[in-house]
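Note sheet for the following structure.
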Amino acid sequence: MEKVPMTVGGYQGLDEDLKRLKTLERPAVIAAISEARQHGDLSENAEYHAAKERQGWIEGQIADIEDRMARAQVIDVSKLSGSQVKFGATVSVVDEDTEDEARYQIVGEHEADVKAGKISIASPIARAMIGKETGDVVEVPTPGGTKAYEILKVEWV
Numbered sequence: 001m002e003k004v005p006m007t008v009g010g011y012q013g014l015d016e017d018l019k020r021l022k023t024l025e026r027p028a029v030i031a032a033i034s035e036a037r038q039h040g041d042l043s044e045n046a047e048y049h050a051a052k053e054r055q056g057w058i059e060g061q062i063a064d065i066e067d068r069m070a071r072a073q074v075i076d077v078s079k080l081s082g083s084q085v086k087f088g089a090t091v092s093v094v095d096e097d098t099e100d101e102a103r104y105q106i107v108g109e110h111e112a113d114v115k116a117g118k119i120s121i122a123s124p125i126a127r128a129m130i131g132k133e134t135g136d137v138v139e140v141p142t143p144g145g146t147k148a149y150e151i152l153k154v155e156w157v
């Protein structure tokens, strides 16, 4: 069983999603199925088929989240330190071509949200930065060609 690295916040987010699905979504769809059944012929009942489809999606989400939580390797970033980039680090970089600065935290795959500054450990830029230190330049292959970034700062926040 392959472990899935994630931050404490990522694990808590999964737990909240799981609780919402089990306590709100699942009972609501069961009630919708029950109500649709009362409308008669199930073969032509669109409400029934939609509710059953939604139920299948919810159950799939619950199974997926439970699987990820069972395989979770929760890493408390606040207990990490060092100058090398690794999982959980918040890295400030500058694009060597445009001089644009960016700040990213390296997180688990399901936690990634580029708009919030969180990039997946599996992303090309994160893979290029792993093991590097402040002042190092990393080259990242992109669809538009190779981009070079200089690491300005490594933080553990």
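Using our numbering, the letters of the sequence shown map in sequence onto residues 1 to 157. Every residue gets a Cβ at the ideal spot worked out from N, C-alpha and C, and that includes glycine.
Taking the beta strand (DSSP E) that I33 falls in, what are its first and last residues?
Element bounds for I33: not the beta strand (DSSP E) but the alpha helix (DSSP H), 26 to 37.
G131 and Q61 look like a contact to me (Cβ under 8 Å); what is the Cβ gap, rounded to whole Å?
G131 to Q61, Cβ: 35 Å. No contact.
Jot down the residue ranges of each uninterrupted beta strand (DSSP E) in the segment 106 to 157, minimum 3 residues, whole runs only, in chain order.
Qualifying beta strand (DSSP E) stretches, in chain order: 118 to 120, 137 to 142, 145 to 155.
By the three-class DSSP mapping on this structure, what secondary structure does V77 have?
Residue state, collapsed to three classes: helix.
With which residues is M69 paired in a DSSP beta bridge?
According to DSSP, M69 bridges with nothing at all.
Out of S43, I58, Y11, E53, which has the shortest C-alpha to C-alpha gap to L24?
Nearest C-alpha to L24: I58.
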